[in-house]
Ligand code: FCB
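Below is the structure:
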């Protein structure tokens, strides 16, 4: 597959993309009928988001999407992963749609298609309509039912132009950071609510997949994007291996089990039995969740090192900021450790071997399931230089190292179909506000000026040629 030890060739038709999400880039938070999502509410809650930043304006993608699509085309991207804002198309989370909201996504996808860019639409990237949260949110079963109805409405509106559909982005974050740790919206810290949310996100995925399958053309590709944790034991001891097993259960298999194998892992039910009897899982639910998928999206940033920490308080050094709750119900006695090595501006260690581990592990267990890296990237302290350019060699090195790992997974048998850099643009990084820059393209927020960073130019060459050269290889 490679013609020299350092040049790697990806298969023809491999999708080369970049990703964003609605609340992080769109802005226009109160325009054309959009109402508040849980993130609008969370941002207004003092102390939750860095310096009180909000997504009200963000990268103004709602108004500047044409310029942004032109940028993608200039960079040679062949795919764009974006998310649809539920409160923009169905403000109260139930009932009729707002056509103006849907029209935005019609215009965006038309523009993409006119530029030869494949749209990959995610239906839920964390922006639950506030009204649904006020009615109980993801811990309640009705939210899953509402989600399937919303998915069908969007499917009907865009099904003629969007082939790739993703139900949920990172349901682990929605359930466990949102309802367990409280560091994401809606900021609840209730371990049982987090488990209930995980199940209803799973159910929402299954119901939405069924609804979409019924109405979309046979060529439609259905998927879900999971932030799978690439886990490492601190030592080879049995106790540390058991810590890996616990975090794998509540971090990964809580979704992979029902979605890909039609059952919750027995060990997860046992680990959490003191919290819940899981009676919220009704007969037939796991069958409903277990829908055929056309590919699985993997979002990957870093590895997680864990150990047994008998008798100690739950460690909070798990890279998700200081919350007041735990995102790991049933795994209180697990310690989290900083792996050695270089870190990004998020404090996340750079370790591309985790990506290879996840892709080959999935390929081994689910050999017929195509894979897509739907997010991978890094935050660095980027600055515009005096000459007006943004030089970010660390990001180029990060992308190069991870694409090398992805290529190695391909040669080791993973059926990898595409790669999406997170993110196209600098944007609203959730609780970190605008403090963290993940973009290939720099955004100067006061003027909204876009400047492709040197990593964008490097990535453009990869996208245009399908070849991965060393970062300094010209
Ligand atoms: C992922 C999210 C994405 C972005 C990156 C850095 O967990 O899906 O929205 O915030 O992390």
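Residue numbers (the numbering used here): 25 to 498.
For every residue, glycine included, the Cβ atom is placed at its ideal position computed from N, Cα and C.
Note that the structure is a prediction, hence the values are computed from the model and not measured.
query                                                                                                                                                                 : result
Let's test the definition: count the other Cβ atoms within 10 Å of the Cβ of residue 311 and tell me whether it reaches 16, buried, or not, exposed.                  : exposed
Could you compute how far the alpha carbon of residue 40 sits from the alpha carbon of residue 104?                                                                   : 8 angstroms
With burial defined as no fewer than 16 other Cβ atoms inside 10 Å of the residue's Cβ, what is the status of residue 330: buried or exposed?                         : buried
Under 8 angstroms between C-beta atoms, does residue 215 make it to chain B?                                                                                          : This model lacks chain B altogether, as it is built from one protein chain only.
Taking 8 angstroms as the cut-off, does the segment 386 to 404 touch the segment 415 to 429 (at least 3 CB pairs, one atom from each stretch)?                        : yes
Identify whether residue 442 lies in helix, strand or coil by the three-state DSSP scheme.                                                                            : strand
Taking residue 165 and residue 156 to be in contact with their CB atoms under 8 angstroms, please state how far apart those CB atoms are, rounded to whole angstroms. : That pair is no contact at about 12 angstroms.
Who pairs with residue 189 in a beta bridge, going by DSSP?                                                                                                           : 145, 246
Report the CB separation of residue 143 from residue 117 in whole angstroms; it is logged as a contact under 8 angstroms.                                             : In fact, because the Cβ distance is near 24 angstroms, the residues do not count as touching under 8 angstroms.
Roughly how many angstroms separate the alpha carbons of residue 66 and residue 140, rounded to a whole number?                                                       : 37 angstroms
Is residue 424 near the ligand FCB, judged by its Cβ being under 7 angstroms from some heavy atom?                                                                    : no
Anyone know if the C-beta pair for residue 56 and residue 111 falls short of 8 angstroms?                                                                             : no
Assign residue 370 to one of three DSSP states: helix, strand, or coil.                                                                                               : coil
Is the CB-CB distance between residue 440 and residue 395 below 8 angstroms?                                                                                          : yes
Is the beta carbon of residue 446 within less than 7 angstroms of some heavy atom of the ligand FCB?                                                                  : yes
Classify residue 298: buried if its beta carbon has 16 or more other beta carbons within 10 angstroms, exposed otherwise.                                             : exposed
Residue 159 to residue 114, Cα distance in whole Å?                                                                                                                   : 16 angstroms
In three-state DSSP terms, what is residue 128?                                                                                                                       : helix
Compute every distance between the C-beta of residue 128 and the non-hydrogen atoms of the ligand FCB, then say whether any falls below 7 angstroms.                  : no
In angstroms with no decimal places, state the Cα-to-Cα distance between residue 499 and residue 221.                                                                 : What is shown of the chain runs 25 to 498, which leaves residue 499 out entirely.
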